[in-house]
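Novice:
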């Protein structure tokens with residue numbers, strides 16, 4: 029079972045990012061072959077790392093909203109991975125987003141998000 033939410037509107041993206049201390053969203057298009065490869069990598073990297081209220085992972089077909097999310101966050105190429113902290117875009121490991129299929133960078137980014145979320149969860153306990 030995957031821990032990646034399927035979202036279909038910019039409002040859903042904003043809501044989930046505001047409900048969690050940290051949030052990652054994978055932006056894709058069904059017709060792009062690299063996006064299918066990247067989805068599998070993303071789901072594997074996210075598996076077991078979600079922390080309710082602290083870390084969530086989602087995927088978003090940018091064709092679902094006529095380009096609203098792409099415009100809002102400047103997504104010009106796919107696959108794209110965006111990262112948020114407290115509802116706002118944030119740099120992870122020195123980058124605000126990952127573009128393309130890069131398994132090592134994706135694994136590192138999701139691990140860093142998980143570490144930060146785990147620390148925040150511990151700080152709030």
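Numbering (the working numbering), first residue to last: 29 to 153. Glycine included, each C-beta is placed from N, C-alpha and C at the ideal position. In this text the structure is predicted, and so the values were computed from the model without any measurement.
#1: What does the alpha-carbon distance come out to for the pair residue 137 and residue 94?
#2: Secondary structure at residue 116, three-state DSSP: helix, strand or coil?
#3: What number of angstroms, rounded off, separates the C-alpha of residue 48 from the C-alpha of residue 133?
#4: For residue 105, which residues of its own chain have a beta-carbon under 7 Å away from its beta-carbon, when the five flanking residues on both sides are left out?
#5: Quickly, what does DSSP pair residue 101 with across the bridge? List them, please.
#6: Can you tell me the Cβ-Cβ gap for residue 50 and residue 113, rounded? I've got them flagged as a contact below 8 Å.
#7: With C-beta atoms as the reference, is residue 73 less than 7 Å away from residue 119?
#8: Whole angstroms is fine: what's the gap from residue 80's alpha carbon to residue 54's?
#9: Can you give the Cα-Cα distance for residue 109 and residue 146, rounded to whole angstroms?
#10: Sort out for me which residues DSSP pairs residue 125 with in a bridge.
#11: Thinking C-alpha only, which one of 43, 131, 40 is nearest residue 107?
Specialist: In short, the structure shows the following:
#1: The alpha-carbon atoms of residue 137 and residue 94 are separated by roughly 28 Å.
#2: If DSSP states are grouped into helix, strand and coil, residue 116 belongs with the strands.
#3: C-alpha separation (whole angstroms): 22 Å.
#4: Contacts found: 127.
#5: Answer by DSSP bridge pairing: none, since residue 101 is not bridged.
#6: 6 Å
#7: no
#8: 18 Å
#9: 20 Å
#10: Its beta-bridge partners are 110.
#11: When only C-alpha atoms are compared, the closest one is 131.
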